[in-house]
Each structure stands twice: as C-alpha cells, then as structure tokens.
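Chains as they are written, first to last, in the working numbering: chain A, 62 to 250; chain B, 265 to 407.
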Amino acid sequence: MENLEKKSACKWPIFFFGAVVGVLLVAVFLGELNYTATEKFCISCHEMESNVYMEYKDTAHYMNKSGVRATCTDCHLSHNFFEKIARKTKAVNEVIHHFKGTIDSREKFLANRLEMAQGVWAEMKANDSRECRSCHTSENMDYSKQSSRAMTQHLKGDDEGKTCIECHKGLAHRLPDMQSIDPSAVIGR
Amino acid sequence: MKKALLILAGLTCVAFPINADEVKSLRGTRALDAGSEPPEINRIIADDRPIPRDFVQQPPLIPHETEGYRVDKNYNKCLSCHSWVNYKQAKATKVPPTHFKDRDGNERANLSPGRYFCAQCHVHQVDTKPLVENEFEPVKALR
Chain A
62 MENLEKKSAC KWPIFFFGAV VGVLLVAVFL GELNYTATEK FCISCHEMES NVYMEYKDTA
122 HYMNKSGVRA TCTDCHLSHN FFEKIARKTK AVNEVIHHFK GTIDSREKFL ANRLEMAQGV
182 WAEMKANDSR ECRSCHTSEN MDYSKQSSRA MTQHLKGDDE GKTCIECHKG LAHRLPDMQS
242 IDPSAVIGR
Chain B
265 MKKALLILAG LTCVAFPINA DEVKSLRGTR ALDAGSEPPE INRIIADDRP IPRDFVQQPP
325 LIPHETEGYR VDKNYNKCLS CHSWVNYKQA KATKVPPTHF KDRDGNERAN LSPGRYFCAQ
385 CHVHQVDTKP LVENEFEPVK ALR
C-alpha cells in the first residue's frame with residue numbers, strides 16, 4: 062500500500078509536463094491553422110499573388126460599396142473544423158505542385174486553368190456552395206429588393222434546386238477558356 | 265529659315281496678344297496647380313425594361329448594369345445570357361441572325377468575330393442630362 066502511493070505521487074510531474082506540452086502543441090496547431098488561412102500566407106506563393114490575387118482585386122469581393130471583403134479562405138476553405146482539416150490535407154497536393162513548378166509561369170498557369178477551375182467548381186457544387194452560403198444565405202436574401210432580372214433568376218434557380226456556383230462562375234477570378242463548356246459564348250474558331 | 269519663322273511667331277504674339285479669359289479649355293480657367301473639379305458620378309441605369317430604338321438601324325441600348333462583364337477570347341459574359349443557347353433560360357433577347365454574317369458576307373456557324381465585342385455598338389445608359397440641347401426625334405417608322 063505504501064509502495065503504491067509512492068508510485069502515483071511520482072507520476073504527477075510527468076502528467077503535468079505532458080499536459081503543458083499537449084496544450085502548447087494544440088496552441089501551435091491552431092495558430093498554424095489560423096496563419097495558413099490568412100491572405101498574407103496565400104499570396105506568399107507567387108502563383109497565387111500574380112495570377113488569382115491580381116484578378117480578384119478587380120472584383121466586388123475585394124472592393125464594393127459597403128466595404129465588406131471576402132478574402133481567399135472565406136470562399137476556398139470551409140468554416141467548419143473537420144472540413145477545414147480535410148481541405149488542408151488536400152492542400153498538400155498543391156504544395157507539391159508548387160515545388161514541382163507546375164504553374165510557375167503565367168503560360169503554365171493558363172494552360173492548367175480550366176482543369177483547376179473545374180476542380181473548384183465541382184467541389185463547390187458538391188457541397189452546395191457551402192462557403193458562398195456562409196455569407197449569402199437564401200433564407201435571408203430579400204429577392205424583392207433585387208433587380209427584376211436577379212429576382213427572376215434566383216427564384217428559378219431555387220425551384221430547379223441549383224446551387225450558387227452553377228451560374229456565378231468567374232466572379233472573383235477570370236474564367237478559363239470556356240470553349241469546351243459553353244461554345245455559344247466564346248469567339249468562333 | 266527657322267530663325268525667320270521664330271521672329272515671325274514672336275511678332276504675331278506681340279501684334280495679337282491672346283486674352284486669357286477668351287481661351288476656354290475643358291478644365292476652365294483654373295490655375296494649373298489648383299486641380300480640376302471632379303466630374304459628376306452618374307448612376308448607371310441598372311434595371312430597366314428594353315429601351316425603344318430611335319432609328320431603325322440603331323443597336324439596341326443596354327437597359328442593365330454591365331460592370332465586371334468581361335469580354336475576352338476565353339468568354340463573353342454578355343453571351344452567357346444573350347447567345348442562342350442561353351437566351352431562353354435567361355429570358356433575354358437573343359443575338360440576331362445578322363450577327364452571324366462576317367464582313368465577307370459568309371454565314372458562320374457561330375457569332376462573327378467582328379460582332380464579338382458587344383460594347384463597340386451596344387452601350388449602357390446613365391441617368392443624366394444631355395450635354396448639349398438635342399431636338400432629335402425618332403424616324404416616322406418608329407413614331
């Protein structure tokens with residue numbers, strides 16, 4: 062009995078040390094998660110900075126009448142913890158391609174643009190434009206305050222069960238060559 | 265020769281001094297370092313019904329906003345509603361058949377490249393007073 066008490070008393074410092082290390086690790090992990098979700102981090106790669114970021118600066122999600130701004134991760138990273146981790150894991154592939162130099166020039170970027178855009182569109186369609194809806198919820202959207210064209214299209218889209226990205230493509234970045242997607246809206250060749 | 269011209273120019277200036285008040289530039293008679301008056305910001309007519317034409321060959325005016333509508337070789341945002349494939353879904357006016365004929369008179373399978381850049385002829389409207397008085401009236405056929 063005496064022996065047992067002695068043993069458990071010995072374990073306390075180890076437990077305490079473990080808890081401190083654990084808390085520190087969680088803090089570092091969360092801090093890293095937050096830091097890698099900042100615009101500053103995203104555009105630290107020139108692939109992002111000189112292509113998609115430059116185009117985004119021309120759009121309403123960067124500058125608009127009310128001054129509300131949506132940055133990279135507001136649209137491209139889930140706001141839910143587990144989906145966020147899943148997307149971050151997927152981003153390892155993007156890091157590999159950064160070091161392989163798959164899109165390290167404007168020409169290479171444009172050559173791969175359709176494929177990359179289609180990936181993002183598919184992702185957004187599959188999750189019912191979840192990130193769009195974290196700001197733009199259809200329940201809180203007053204269609205009667207919209208232009209008649211927007212109202213008609215939104216009501217129709219709702220009836221047909223469509224999701225944001227199906228119509229609102231090329232909103233924050235320029236579109237890729239759309240010849241294979243909508244040839245009726247591309248210059249004839 | 266050059267010297268003679270210079271002397272002549274100098275003499276002309278002395279003979280006919282220009283009165284600064286009579287010269288009117290677009291920026292008015294403000295001093296060069298004063299900065300010009302900011303132009304009026306006009307609101308684009310964002311949501312109107314189609315606007316009637318004033319002459320028969322007039323390219324129809326755009327009764328909606330077009331801000332951020334890119335037209336480049338990858339895509340024509342206007343055609344995402346006005347093309348023959350998309351107009352029904354968008355309940356928009358479709359591009360007329362005339363736009364499928366190229367400058368050599370060939371009928372093409374898709375929009376003629378010469379007609380691709382919509383804003384060369386079709387323009388959005390702002391709610392503002394005309395810059396000069398205008399008594400233009402539509403032709404008889406449209407009255």
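We put the beta carbon where it would ideally sit given N, CA and C, even for glycine. It should be emphasised that the depicted structure is a prediction, and the values quoted were computed from it without experimental measurement.
The way I'd put it, the segment 126-141 of chain A doesn't touch the segment 69-82 of chain A; fewer than three beta-carbon pairs between them come closer than 8 Å. Contact annotation: the segment 302-318 of chain B does not touch the segment 214-226 of chain A, with fewer than three C-beta pairs closer than 8 Å. Listed by position along chain B, the residues whose Cβ is nearer than 7 Å to that of M239(A) are N338, Y339.
Put simply, the CB of I164(A) is far from chain B, with every gap to its CB atoms at 8 Å or more. At least 8 Å separates the CB of T224(A) from every CB of chain B. Interface residue (Cβ-Cβ distance to chain B less than 8 Å): G92(A) is not classified as such. A straight line joining the alpha-carbon of K161(A) with that of L395(B) spans about 58 Å. Taking 8 Å as the threshold, the shortest C-beta distance from D311(B) to chain A falls below it.
By the C-beta density criterion, A246(A) is buried, having at least 16 other C-beta atoms within 10 angstroms. A direct Cα-to-Cα measurement between E110(A) and C103(A) gives close to 8 Å. For R130(A), the closest Cβ of chain B is not nearer than 8 Å.
Residue contact with chain B for A246(A): present (Cβ-Cβ distance below 8 Å to some residue of chain B). When CB distances to chain A are screened at a threshold of 8 Å, the residues of the segment 365-376 of chain B falling below it are R372, A373, N374, L375, S376, in chain order. The C-alpha of P360(B) is placed about 12 Å away from the C-alpha of N374(B). Excluding the 5 residues flanking it on each side, C382(B) has same chain C-beta neighbours closer than 6 Å at C342, in chain order.
The alpha carbon of R194(A) has as its nearest neighbour, out of N141(A), S105(A), P74(A), the alpha carbon of N141(A).
Listed by position along chain B, the residues whose Cβ is nearer than 8 Å to that of D189(A) form an empty set, because the closest Cβ is around 20 Å away. Between D203(A) and chain B, the shortest Cβ-Cβ separation is not below 8 Å. Of the candidates R210(A), W182(A), G218(A), R210(A) places its Cα closest to the Cα of K355(B). Residues of the segment 110-123 of chain A with a C-beta atom less than 9 Å from some C-beta of chain B are D119, T120, A121, listed in chain order.
Among the residues of chain B, those whose CB is under 9 Å from the CB of D243(A) are Y339, L343, S344, S347, V349, N350, following chain order. Non-local beta-carbon contacts of H229(A) in its own chain, meaning distances under 8 Å to residues more than five positions away in sequence, involve C193 in chain order. Around T213(A), the beta-carbon contacts reaching into chain B at under 8 Å are K355. When 8 Å is used as the limit between beta carbons, G332(B) is near these residues of chain A: D119, T120, A121, in chain order.
At a C-beta separation below 9 Å, H328(B) has these neighbours in chain A: S208, R210. The segment 86-150 of chain A contains, as complete alpha helix (DSSP H) runs of 4+ residues, the segments 100-103, 133-137 (chain order). Against chain B, the CB of G79(A) has no partner CB under 8 Å away; the residue lies outside that interface.
Counted as a single uninterrupted DSSP element, the alpha helix (DSSP H) harbouring G180(A) occupies residues 167-187. Judged by DSSP in its simplified three-state form, D220(A) adopts helix.
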